[in-house]
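S.K.: First the structure, which I've put down as structure tokens, then a few questions once you've had a look.
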Amino acid sequence: MNNTAFQEALTFAQQVSNPHSPYGLCRVLGIEIISDKPMHKDGYLVCRDGCKLIFVNSLIHNPHRRKFIVSHEIGHFLLHRDNLYCCDNILEIGTSSINTSHQEYEANRFASEYLMPQEELISLLPSKPLQFSDISKIASHFNVSMTSAALRSVKLSKSEDEILICYDGQRLKWFSSADRTLNLYDIPSHCPVDLSKVPLISDITGVWDSLYDGPVHQEIFQPFGNQKLVLLSGNRTSMEEAYCEL
Ligand SMILES: [Zn+2]
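Residue 75 in numbering that gives the first Met the number 0 sits at position 76 of the sequence shown; the count goes up by one each step and never skips.
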């Protein structure tokens, strides 16, 4: 799917229903939502014999996650037009730093951009580096999870020097940044601070030197389970300089 077709589908979705309500959009599109059945997948989209159905795993209780899954399946419906999608491990991550198929990536990206329209989000972003207190307000405004709000806010940040990193335990899971030159291998694969002991907010030096020059503002947020989101801001090291030093 090219970017024009993606934008057309997104604009259509945002025009026909309240941008924040995938449930309203399903009503307009004539898609029935079935959410009282436990399943092995997060969600399904079935379009067959005139039926348009979205199944959401009843074992998933978090309302933000359910809303994201419905939006993800609407993404498949509008973008891909195949009869059946079985979606496992739907991630509120419109980032290509994780290993997923292109159609799953597009459906995640559609859900993220549908639930948090770009212009509206940009109007809520501070002109200083982002902190989790700003992201919490944005998450409440759009009624989405902190992870979704953090990912999209960092990508659209006005200061552009934040990096959001998700560690599972101490192990790198994914990252997001407005800096498109940054690659997964630029990020420490093992978190250089002990996430079980570090304060939730601190200014530190000498830890993230491969990414920043001088002091770094570091904030930690635990969305669920063993996962920790690390939000960094400071003076970014130029990757070109880092390369020249090698
Ligand atoms: Zn999917």
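Glycine included, C-beta positions come from ideal geometry on N, C-alpha and C.
Within 8 Å: the Cβ of C46 and any heavy atom of ligand 1?
M.R.: no
S.K.: Taking the alpha helix (DSSP H) that F109 belongs to, which residues open and close that run?
M.R.: H101 to L114
S.K.: Hey, is the segment 194 to 201 in contact with the segment 170 to 184, meaning 3+ C-beta pairs nearer than 8 Å?
M.R.: no
S.K.: According to DSSP, which residues form a beta bridge with D167?
M.R.: R170 and Q226
S.K.: Suppose the cutoff is 8 Å on Cβ atoms and the five residues either side in sequence are ignored; what does the same chain contact list for Q226 look like?
M.R.: Once the five neighbours on either side are set aside, the close Cβ partners of Q226 are C165, Y166, D167 and K172.
S.K.: Taking buried to mean at least 16 other C-beta atoms within 10 Å of its own C-beta, is V143 buried or exposed?
M.R.: Under this definition V143 is a buried residue.
S.K.: Name the residue from G23, E105 and K40 whose alpha carbon lies nearest to the alpha carbon of I32.
M.R.: G23
S.K.: Taking 9 Å as the threshold (C-beta atoms), are P116 and K157 in contact?
M.R.: no
S.K.: Taking 9 Å as the cut-off, decide whether the C-beta atoms of Q35 and S57 are in contact.
M.R.: For the sequence presented, residue 35 should be read as Asp rather than Gln. The answer is yes: Cβ separation under 9 Å.
S.K.: Looking only at its chain, what residues have a beta carbon closer than 7 Å to the beta carbon of S135, apart from the 5 residues adjacent to it on each side?
M.R.: M145
S.K.: Within 10 angstroms of the Cβ of F109, are there 16 or more other Cβ atoms? Answer buried if so, exposed if not.
M.R.: buried
S.K.: C25: beta carbon under 8 Å from a heavy atom of ligand 1?
M.R.: no
S.K.: Counting along the chain, where does the beta strand (DSSP E) carrying V27 start and finish?
M.R.: Here V27 belongs to no beta strand (DSSP E); instead the alpha helix (DSSP H) covers P21 to L28.
S.K.: Which residues mark the beginning and the end of the beta strand (DSSP E) in which G213 is found?
M.R.: Y211 to F220
S.K.: Within 8 Å: the Cβ of A106 and any heavy atom of ligand 1?
M.R.: yes
S.K.: Cβ of C165 within 8 Å of any heavy atom in ligand 1?
M.R.: no
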